[in-house]
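Chemist:
Numbering (my numbering), first residue to last: 85 to 248.
#1: Counting only runs of 3+ residues fully inside the segment 116-202, write out the beta strand (DSSP E) ranges in chain order.
#2: Return the Cβ separation of residue 218 and residue 157 in integer angstroms, given the expectation that the two are a contact with Cβ distance under 8 Å.
#3: Classify residue 233 as helix, strand or coil using the three-state DSSP reduction.
#4: For the segment 228-238 and the segment 136-154, state whether three or more C-beta atom pairs, one from each stretch, are separated by less than 8 Å.
#5: Taking only the alpha-carbon atoms, compute the straight-line gap between residue 143 and residue 224 and give it to the nearest angstrom.
#6: Using DSSP bridges, identify the partner residues of residue 219.
#7: Just to check my reading of the structure: residue 116 and residue 126 have Cβ atoms closer than 8 Å, yes? What is that Cβ distance to the nearest angstrom?
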(Lines of atoms letter the chains of each structure in order from A and count residues from 1; the text may use other names and numbers.)
(Lines give C-alpha, C1' and ligand atoms only; values in the text may rest on other atoms or scores of the structure.)
Protein backbone atom coordinates (compact mmCIF):
# COMPACT_ATOMS: atom_id res chain seq x y z
CA UNK A 1 0.00 0.00 0.00
CA UNK A 2 2.82 2.43 0.87
CA UNK A 3 4.49 1.68 -2.44
CA UNK A 4 1.22 2.45 -4.27
CA UNK A 5 0.79 5.75 -2.40
CA UNK A 6 4.41 6.71 -3.07
CA UNK A 7 4.09 6.07 -6.81
CA UNK A 8 0.73 7.85 -6.95
CA UNK A 9 2.24 10.89 -5.23
CA UNK A 10 5.27 10.79 -7.53
CA UNK A 11 3.04 10.62 -10.64
CA UNK A 12 0.89 13.52 -9.43
CA UNK A 13 4.00 15.59 -8.61
CA UNK A 14 5.52 14.99 -12.04
CA UNK A 15 2.21 15.74 -13.79
CA UNK A 16 1.80 19.02 -11.92
CA UNK A 17 5.38 20.04 -12.66
CA UNK A 18 4.83 19.45 -16.37
CA UNK A 19 1.71 21.65 -16.34
CA UNK A 20 3.55 24.58 -14.73
CA UNK A 21 2.73 27.88 -16.38
CA UNK A 22 5.09 30.84 -16.65
CA UNK A 23 3.90 34.43 -16.94
CA UNK A 24 5.32 37.18 -19.14
CA UNK A 25 4.28 40.61 -17.85
CA UNK A 26 5.13 43.85 -19.60
CA UNK A 27 3.76 47.39 -19.28
CA UNK A 28 1.19 46.80 -22.02
CA UNK A 29 0.40 43.05 -21.94
CA UNK A 30 0.42 39.80 -19.99
CA UNK A 31 0.68 36.21 -21.28
CA UNK A 32 1.02 32.70 -19.83
CA UNK A 33 2.93 29.83 -21.41
CA UNK A 34 3.84 26.25 -20.46
CA UNK A 35 7.25 25.64 -18.93
CA UNK A 36 8.24 23.22 -21.69
CA UNK A 37 8.58 26.12 -24.17
CA UNK A 38 11.87 28.01 -24.46
CA UNK A 39 11.62 31.81 -24.14
CA UNK A 40 13.78 33.89 -26.49
CA UNK A 41 13.75 37.66 -25.88
CA UNK A 42 16.72 38.45 -28.13
CA UNK A 43 14.62 40.60 -30.46
CA UNK A 44 15.33 38.28 -33.40
CA UNK A 45 13.39 39.33 -36.50
CA UNK A 46 11.83 42.22 -34.57
CA UNK A 47 9.96 39.96 -32.15
CA UNK A 48 9.25 41.08 -28.60
CA UNK A 49 9.60 37.41 -27.70
CA UNK A 50 9.59 33.97 -29.31
CA UNK A 51 8.42 30.84 -27.50
CA UNK A 52 10.05 27.81 -29.10
CA UNK A 53 9.44 24.09 -28.89
CA UNK A 54 12.35 21.71 -28.52
CA UNK A 55 13.86 20.31 -31.72
CA UNK A 56 12.41 16.81 -32.09
CA UNK A 57 15.08 15.22 -34.30
CA UNK A 58 18.41 16.25 -35.78
CA UNK A 59 16.83 16.62 -39.21
CA UNK A 60 13.88 18.67 -37.85
CA UNK A 61 14.24 21.74 -40.06
CA UNK A 62 11.44 23.81 -38.53
CA UNK A 63 10.98 24.61 -34.85
CA UNK A 64 7.34 25.28 -33.95
CA UNK A 65 7.00 28.61 -32.21
CA UNK A 66 4.79 31.39 -31.02
CA UNK A 67 5.96 34.99 -31.28
CA UNK A 68 4.81 38.53 -30.67
CA UNK A 69 5.65 41.52 -32.85
CA UNK A 70 4.25 45.02 -32.63
CA UNK A 71 4.23 47.92 -35.02
CA UNK A 72 2.90 51.43 -35.10
CA UNK A 73 -0.14 51.89 -37.32
CA UNK A 74 -2.14 54.75 -38.76
CA UNK A 75 -5.42 55.77 -37.22
CA UNK A 76 -7.72 53.06 -38.62
CA UNK A 77 -10.85 51.36 -37.36
CA UNK A 78 -10.58 47.77 -36.25
CA UNK A 79 -13.00 46.64 -38.99
CA UNK A 80 -10.99 48.41 -41.72
CA UNK A 81 -7.76 46.99 -40.32
CA UNK A 82 -9.24 43.46 -40.26
CA UNK A 83 -10.46 43.70 -43.88
CA UNK A 84 -7.10 45.09 -45.09
CA UNK A 85 -5.10 42.45 -43.19
CA UNK A 86 -7.27 39.57 -44.40
CA UNK A 87 -6.80 40.71 -48.00
CA UNK A 88 -3.01 41.04 -47.59
CA UNK A 89 -2.69 37.57 -46.02
CA UNK A 90 -5.09 36.11 -48.61
CA UNK A 91 -2.81 37.36 -51.39
CA UNK A 92 0.08 35.17 -50.16
CA UNK A 93 -1.58 32.33 -48.25
CA UNK A 94 -4.64 30.11 -48.16
CA UNK A 95 -6.89 31.42 -45.37
CA UNK A 96 -8.77 28.54 -43.75
CA UNK A 97 -10.67 30.60 -41.20
CA UNK A 98 -11.12 34.25 -40.26
CA UNK A 99 -13.04 35.41 -37.24
CA UNK A 100 -13.38 38.36 -34.89
CA UNK A 101 -13.10 37.43 -31.23
CA UNK A 102 -13.66 39.55 -28.16
CA UNK A 103 -11.02 38.59 -25.63
CA UNK A 104 -11.21 40.31 -22.27
CA UNK A 105 -13.01 43.30 -23.83
CA UNK A 106 -10.58 43.71 -26.75
CA UNK A 107 -11.39 42.94 -30.38
CA UNK A 108 -9.08 40.33 -31.89
CA UNK A 109 -8.81 39.27 -35.52
CA UNK A 110 -7.96 35.55 -35.61
CA UNK A 111 -6.67 34.15 -38.90
CA UNK A 112 -5.87 30.49 -39.56
CA UNK A 113 -3.92 30.01 -42.77
CA UNK A 114 -1.45 27.83 -44.66
CA UNK A 115 1.47 28.68 -46.89
CA UNK A 116 4.62 27.07 -48.22
CA UNK A 117 8.02 28.52 -47.30
CA UNK A 118 11.28 27.06 -48.54
CA UNK A 119 9.44 23.90 -49.62
CA UNK A 120 7.87 23.36 -46.18
CA UNK A 121 4.07 23.45 -45.82
CA UNK A 122 3.30 25.57 -42.76
CA UNK A 123 0.16 26.37 -40.77
CA UNK A 124 -0.34 29.57 -38.82
CA UNK A 125 -2.73 31.13 -36.37
CA UNK A 126 -2.42 34.88 -35.96
CA UNK A 127 -4.14 37.10 -33.43
CA UNK A 128 -4.21 40.84 -34.16
CA UNK A 129 -5.05 43.45 -31.53
CA UNK A 130 -5.03 47.23 -31.87
CA UNK A 131 -4.38 49.51 -28.93
CA UNK A 132 -3.07 53.09 -28.67
CA UNK A 133 -1.86 53.33 -32.28
CA UNK A 134 -0.06 50.00 -32.17
CA UNK A 135 -0.94 46.58 -33.58
CA UNK A 136 0.04 43.49 -31.60
CA UNK A 137 0.50 40.39 -33.78
CA UNK A 138 0.73 37.09 -31.95
CA UNK A 139 1.63 34.21 -34.29
CA UNK A 140 1.73 30.45 -33.83
CA UNK A 141 3.78 28.82 -36.63
CA UNK A 142 3.98 25.08 -37.26
CA UNK A 143 4.78 22.53 -39.91
CA UNK A 144 1.44 21.29 -41.19
CA UNK A 145 2.22 17.70 -40.14
CA UNK A 146 3.02 18.77 -36.54
CA UNK A 147 0.19 21.31 -36.16
CA UNK A 148 -2.28 19.03 -34.34
CA UNK A 149 0.40 17.96 -31.85
CA UNK A 150 1.01 21.56 -30.71
CA UNK A 151 -2.39 23.15 -31.30
CA UNK A 152 -3.91 22.71 -27.81
CA UNK A 153 -0.98 24.13 -25.84
CA UNK A 154 -0.26 26.95 -28.30
CA UNK A 155 -3.93 27.91 -28.50
CA UNK A 156 -4.00 28.22 -24.69
CA UNK A 157 -1.04 30.61 -24.93
CA UNK A 158 -2.76 32.63 -27.67
CA UNK A 159 -5.95 32.83 -25.62
CA UNK A 160 -4.05 33.85 -22.44
CA UNK A 161 -2.74 37.07 -24.04
CA UNK A 162 -4.22 40.18 -22.43
CA UNK A 163 -3.62 43.83 -23.17
CA UNK A 164 -3.43 46.11 -20.16
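Just so you know, even glycine gets a beta-carbon here, dropped at the ideal spot from N, CA and C.
Modeler: In short:
#1: 122-124, 133-136, 149-156, 178-187, 190-201
#2: 7 Å
#3: helix
#4: yes
#5: 21 Å
#6: 155, 214
#7: About 21 Å; that fails the 8 Å criterion.
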